[in-house]
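In the working numbering, the protein residues as written are 12 to 170.
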């Protein structure tokens with residue numbers, strides 16, 4: 012449930028080097044709702060509120076499939092500490108609109124708009140999320156620069 016299990020250097024440069032985090036801190040739901048207020052939304056994404064809404068709907072669906080799973084119930088209980096989560100949870104929405112594009116406001120290369128594809132691995136209850144930009148676009152050039160800079164180049168930049 013929103014655990015970042017694997018990443019490459021480009022993702023680490025675009026978002027964060029998850030390898031430097033405790034595994035519990037690699038949970039995007041926790042990061043979206045429980046982190047102290049930031050000057051920018053989570054990773055500077057353009058759809059932070061939509062992402063939070065998506066998290067709540069996915070967790071509601073997961074809880075319906077696994078009502079006795081302590082990991083699921085524990086995460087939902089933990090996230091209720093966030094007033095935003097509690098408010099969205101009470102809405103009882105169950106259908107998320109697919110996210111097709113996302114813009115990251117990156118502190119080094121500026122805005123990077125990517126297409127998002129999510130492949131569902133149903134037998135594992137996992138999603139493989141792929142970000143890409145059209146070849147030759149300014150966004151692809153920004154991703155190429157981040158690929159050269161690597162995760163260490165942006166690690167020291169406050170996010």
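Even for Gly, the Cβ is constructed at its ideal location relative to N, Cα and C.
For residue 131, the enclosing beta strand (DSSP E) starts and ends at 121-132. Taking every protein chain shown into account, the CB of residue 104 has fewer than 16 other CB atoms within 10 angstroms, so this residue is exposed.
Secondary-structure assignment with DSSP links residue 137 through a beta bridge to 132. Within the model, the alpha-carbon separation for residue 41 versus residue 14 is close to 9 Å. DSSP, read as helix, strand or coil, puts residue 117 in strand. Beta-bridge partners of residue 38 (DSSP): 14. Taking a cut-off of 8 Å for Cβ pairs, the segment 64-73 and the segment 24-36 do not touch, as fewer than three such pairs fall below it. In its chain, beyond the 5 residues on either side, 20, 23 and 24 have a beta carbon closer than 8 Å to the beta carbon of residue 161. In terms of Cα proximity to residue 131, the closest of 140, 125 and 92 is 140. For residue 102, the enclosing alpha helix (DSSP H) has its first and last residue at 94-102.
Annotated three-state conformation of residue 142 is strand, per DSSP.
A distance below 7 Å between beta-carbons, with the five flanking residues on each side excluded, links residue 143 to the following residues of its chain, in chain order: 125 and 126.
For a cut-off of 8 Å, the C-beta gap from residue 29 to residue 37 is around 5 Å, short enough to register as a contact. For residue 53, there is no enclosing alpha helix (DSSP H), as DSSP gives it neither H nor E. For residue 81, the enclosing alpha helix (DSSP H) stretches over residues 81-90.
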